[in-house]
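Here the structure is laid out as structure tokens; the discussion comes afterwards.
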Amino acid sequence: MGILSSPIEYLKGVGPLRADMLKKELNIFTFEDLLNHFPNRHVDKTKVNTIAEINPQTDFIQVAGRLLGYEIIGEKRSKRLVALLKDKTGILELTWFQGINWMQKNLTVGADYLVFGKTGFFNGKPQIVHPEMEAINHQTTEIKSFLEPVYPTTEKLKARGLNGRQLGKLTQVLFQQILAKDMAENLPADLLQRNKLINRYQAYLKVHFPSTIDEYEQALYRLKFEELFIAQVRLGLIRLQRHRASRGVIFEKVGNYFNTFYNRHLPFQLTNAQKRVLKEIRTDTARGHQMNRLLQGDVGSGKTIVALLSMLLAADNGYQSCLMAPTEILAQQHFQSLSSLLKEMNVEIRLLTGSTKAAERREILQDLLDDTIHFVVGTHAVIEEVVQFKNLGLAIVDEQHRFGVAQRAALWKKAIIPPHILVMTATPIPRTLAMTAYGDLDYSVMDELPPGRQPITTVHRYEQARAKVMDFVKEEIAKGRQAYFIYPLIEESEKLSYEDLMQGYEQVKSFFPESKYGISMVHGKMNAEQKDTNMQRFARGETHIMVGTTVIEVGVNVPNATVMVIESSEKFGLSQLHQLRGRVGRGREKSFCILLTGSKVSEDAKERIKIMCATNDGFKIAEKDLELRGPGDIEGTRQSGALNFKLASIVNDKVLLELAKAEADRLIEDDESLQQEKNIPLANFLHTQKGKTMWSKIS
Ligand code: ADP
Ligand code: MG
């Protein structure tokens, strides 16, 4: 145990009370934790500004001037000492609420001071509350020439005299106690050299106390690199471990089911992306190790057929498959489209959802155990809980971002050798996220749409233009097409959502009288059967319009629908908008997406709408989404420890991340057990860090 693991109360100037606060407020338990509490900025104390330069955007500032005088004003809690400082350009108010007596004794009217602090405006005049004051002695005072660190802190700590700058004093004390050898290098020498990285001790020292901006940048670069590199090495080792250690059922051959379907019943030519992914799946499932593959394909890229072909591959090898969907509607749709694709084939496929009747359910459960069913399609919940299989070989999860880790784990119990897992998502994940949050999975990307699709035209319209929008929808319907009207789901209140939707429904009816138009509706309050009936009527073309909430968001496939009207679109997130838009543009006809908003739209919402109008590319949208919201908010990644970087950001440090990954891959390729002399420090470091990170482990 080195000095760095000493409890924080052992640091001079800390003591039990402050230690307690540091633990509670900032999770600082040890010396090392304090070193890892990085400054969020440095203040350049080499610079002296003029008072006239202060504006509402100014943050910390240093000025020099003469003290004109001071007085004590206010009573009790608003009692304060106010002093006036004058330089060539103006006058600055300095205010103290605490330590008034002491300040009064120490301030000399008429003397010159160097003043430092955070500026603010009070009654339109610039002021600094509790500035640091230093008398300028014209013979000896040199203006300090260093960059002083300012740390993130909390209100409670400030009240205990640990503001953003005072924390730096503790760090300074700490650096007086530790030596370079206390912070041994953990990266191999050749890697440091190749990437021109400074050593670990220097990096820590300079990230806190740089002499120049340049030094700071170098230190930061090294530490960010380390963070990303360590994470990539770890993920790489997990991946390797899984590839090597897991057992998986072997799909050794491509047989009759696959070939017959492929040669005789495939309704179209596969895209190159579909072929590539199938090849990846084929390779994965033949190796004797469990496949754990994430398939990202933009909406409409044709993931269903990839799922079907993979299931046929399982059947060829004597294994059962299941396909799970997040909603009942989608499960039914999958069931219907797979059944119809398979109608000429001798394949047993069943649907199992919450609304499957008891007798039928019993029969399905029995038949699954007897091995007479090849494929079962259902909702997540149903398949996780009750179903036992004779020999499940492949589990496909559609729309992964709604499928939790625990749910996935439940699948493992269904077979002695865990089934291969294919997780499909139509919410594209930016590459940087895929490399971090999902870095322990293998992933495939389908970045190609089937031929003949026309890009969807997306426009933004304000409420005032509703009549025109409705006319446009009428024209489309007159051409034989169908339209969606989608209303936001109000998360806090099902009742409000429902009322909103009903109002919307009435409004739609007022433009599209029932005597002439058929309108379907789907919402959360309906039972599965009602939903299905309504959905089916629309899917079969018996109604012209589908009014709904985001229940229909995922996966629904009605190729004849060409208009998607999204009401109050400012209330939707980017990936949701993209998903919804993906419900149209699925056939040969030109499709449109109309984003309606009220007249007041926040800047963020405007940005989202602008992006939607500018591109149909789900990957670009995902990148933007990540930029706008930050990684913490991206669905499905919230619990992922993989994103808890202290310094690096997967939004801003893309290039560095790529570099770190390349270096990590190179290292693992070269010395996967980290036994080479030069890699021993890294191996030791990883060992000591064990348990500190929780990965989004899927297997
Ligand atoms: P998603 O990836 O969004 O799940 P689907 O699997 O629902 O997409 O496919 C969208 C539509 O594209 C379906 O109507 C499907 O039949 C069609 N499709 C899929 N692959 C191809 C292809 N290679 N060529 C032509 N149409 C295809
Ligand atoms: Mg789909």
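Take the sequence shown: its letter number 74 is residue 126 in the working numbering, and every next letter is one higher.
We put the CB at the ideal spot given by N, CA and C, even for glycine.
A quick note: this is a predicted structure, and the numbers were derived from the prediction, not measured.
Using the Cα positions of residue i and residue j, report the straight-line distance between them to the nearest angstrom.
i      : j      : result
Phe149 : Lys138 : 21 angstroms
Glu184 : Gly169 : 6 angstroms
Ser362 : Lys327 : 11 angstroms
Asp160 : Arg132 : Inspection of the sequence shows that residue 160 is occupied by Thr rather than by Asp. Roughly 17 angstroms between the two C-alpha positions.
Ile195 : Arg118 : Residue placement at Ile195 is flagged as unreliable, the pLDDT there being 48, under the threshold of 50; a coordinate-derived value is accordingly withheld.
Pro178 : Glu655 : 29 angstroms
Leu678 : Asp164 : 50 angstroms
His89  : Val181 : 26 angstroms
Lys233 : Gly54  : 10 angstroms
Arg299 : Tyr371 : 15 angstroms
Lys706 : Thr484 : 7 angstroms
Gln114 : Lys221 : 19 angstroms
Thr740 : Ser651 : 56 angstroms
Ala271 : Glu186 : 30 angstroms
Glu2   : Leu136 : As shown, the chain starts at 53 and ends at 751. That puts residue 2 outside it, with no answer to give.
Glu710 : Ala489 : 14 angstroms
Phe261 : Lys64  : 19 angstroms
Asn92  : Tyr203 : 6 angstroms
Glu127 : Leu86  : 40 angstroms
Val66  : Ile152 : 25 angstroms
Glu289 : Glu724 : Per the sequence presented here, residue 289 reads as Leu, with Glu not at that position. Their Cα atoms are separated by approximately 8 angstroms.
Ile702 : Thr667 : 22 angstroms
Leu390 : Asn398 : 13 angstroms
Glu546 : Ala519 : 28 angstroms
Glu500 : Gly639 : 16 angstroms
Tyr273 : Leu680 : 24 angstroms
Asp552 : Leu648 : 15 angstroms
Gly406 : Asn311 : 34 angstroms
Phe62  : Asp72  : Here residue 62 is Tyr; the residue named in the question, Phe, does not match the sequence. C-alpha separation (whole angstroms): 12 angstroms.
Gly693 : Leu287 : Only weak support exists for where Gly693 lies, its pLDDT of 46 falling under 50; the coordinates are left without a value.
Check each candidate in the options and name the one with the smallest Cα separation from residue i.
i      : options                        : result
Ile282 : Ala700, Glu641, Thr356         : Ala700
Ile618 : Phe563, Glu269, Tyr514, Phe83  : Tyr514
Thr408 : Thr477, Asp85, Asn579          : Asn579
His596 : Leu626, Phe564, Lys577         : Phe564
Lys76  : Ile60, Lys258, Ala674          : Ile60
Cys645 : Val653, Gly639, His630         : His630
Lys531 : Leu390, Thr614, Gln628, Ala519 : Thr614
Ile758 : Pro471, Asp492, Val511, Thr171 : There is no way to answer for residue 758, as the model of the chain reaches only from 53 to 751.
Ala116 : Gly65, Phe174, Asn189          : Asn189
Gly634 : Val653, Asn609, Leu648, Arg640 : Asn609
Lys672 : Leu74, Asn704, Asn315, Ile481  : Ile481
Gln321 : Asp368, Thr206, Ile357         : Ile357
Gly637 : Phe310, Gly352, Val167         : Gly352
Leu226 : Leu257, Asp266, Asn215         : Leu257
Asp669 : Val525, Ala478, Met522, Tyr539 : Ala478
Ser627 : Ile663, Trp154, Arg316, Ile333 : Ile663
Gly576 : Gln555, Gly600, Ser562, Ala674 : Gly600
Got a sec? Which residues, its chain only, sit under 7 angstroms from residue i by beta carbon, not counting five neighbours each side?
i      : result
Leu403 : Ala383, Gln384, Phe387, Val429, Gly430
Gln418 : none
Thr141 : Thr102, Ile103, Ala104
Trp712 : The amino acid occupying residue 712 in the given sequence is Ala; Trp does not appear at that position. Only Phe277, Leu280, Phe281, Gln284 meet the Cβ criterion.
Ile125 : Arg132, Val134
Whose C-beta lies closer than 8 angstroms to the C-beta of residue i among residues of the same chain, with five residues either side of it excluded?
i      : result
Ala486 : Leu346, Gln348, Tyr495
Ser57  : Thr82, Phe83, Glu84
Gly456 : Low per-residue confidence applies at Gly456: pLDDT is 49, beneath 50, and the placement is therefore not dependable, though the value from the model is reported in the following sentence. If we look at Gly456 and ignore the five residues flanking it on each side, it has no Cβ neighbours.
Ile4   : Outside the modelled stretch of the chain, which goes from 53 to 751, sits residue 4, for which no answer is possible.
Kindly list the residues whose CB is nearer than 6 angstroms to the CB of residue i, restricted to its own chain and excluding five residues on each side of it in sequence; keep chain order.
i      : result
Met476 : Leu347, Lys355, Asp450
Ile732 : none
Report yes if the C-beta of residue i is less than 7 angstroms from at least one heavy atom of ligand 4; otherwise report no.
i      : result
Ser621 : Ligand 4 is absent from the structure shown, which contains only ligand 1 and ligand 2.
Can at least three beta-carbon pairs, one atom from the stretch 581-598 and one from the stretch 378-386, be found at a separation below 8 angstroms?
-> yes
Are the stretch 435-455 and the stretch 417-426 touching, with three or more C-beta to C-beta distances below 8 angstroms?
-> yes
Would you say the stretch 492-512 touches the stretch 563-573, given that touching needs at least three Cβ pairs under 8 angstroms?
-> no
Sufficient close CB pairs (3 or more, under 8 angstroms) joining the stretch 89-106 to the stretch 196-210 = yes
With contact counted as at least three CB pairs below 8 angstroms, one residue from each stretch, are the stretch 247-258 and the stretch 722-741 in contact?
-> no
Is the stretch 329-345 in contact with the stretch 280-300, if contact means three or more CB pairs nearer than 8 angstroms?
-> yes
Is the number of C-beta pairs between the stretch 622-639 and the stretch 657-666 that are closer than 8 angstroms three or more?
-> yes
Quick one: complete alpha helix (DSSP H) runs, 4+ long, within the stretch 618-667?
-> 626-633, 655-666
At which residue ranges does the stretch 244-306 contain complete beta strand (DSSP E) runs of 3 or more residues, listed in the order of the chain?
-> none
Segments assigned beta strand (DSSP E), at least 3 residues, entirely inside the stretch 551-586 = 571-574
Within the stretch 337-394, note down every full beta strand (DSSP E) run reaching 3 residues or more, in order along the chain.
-> 344-349, 372-377
Write down every uninterrupted run of the alpha helix (DSSP H) in the stretch 475-549 whose length is 4 residues or greater and which is fully enclosed by it, in chain order.
-> 483-488, 518-530
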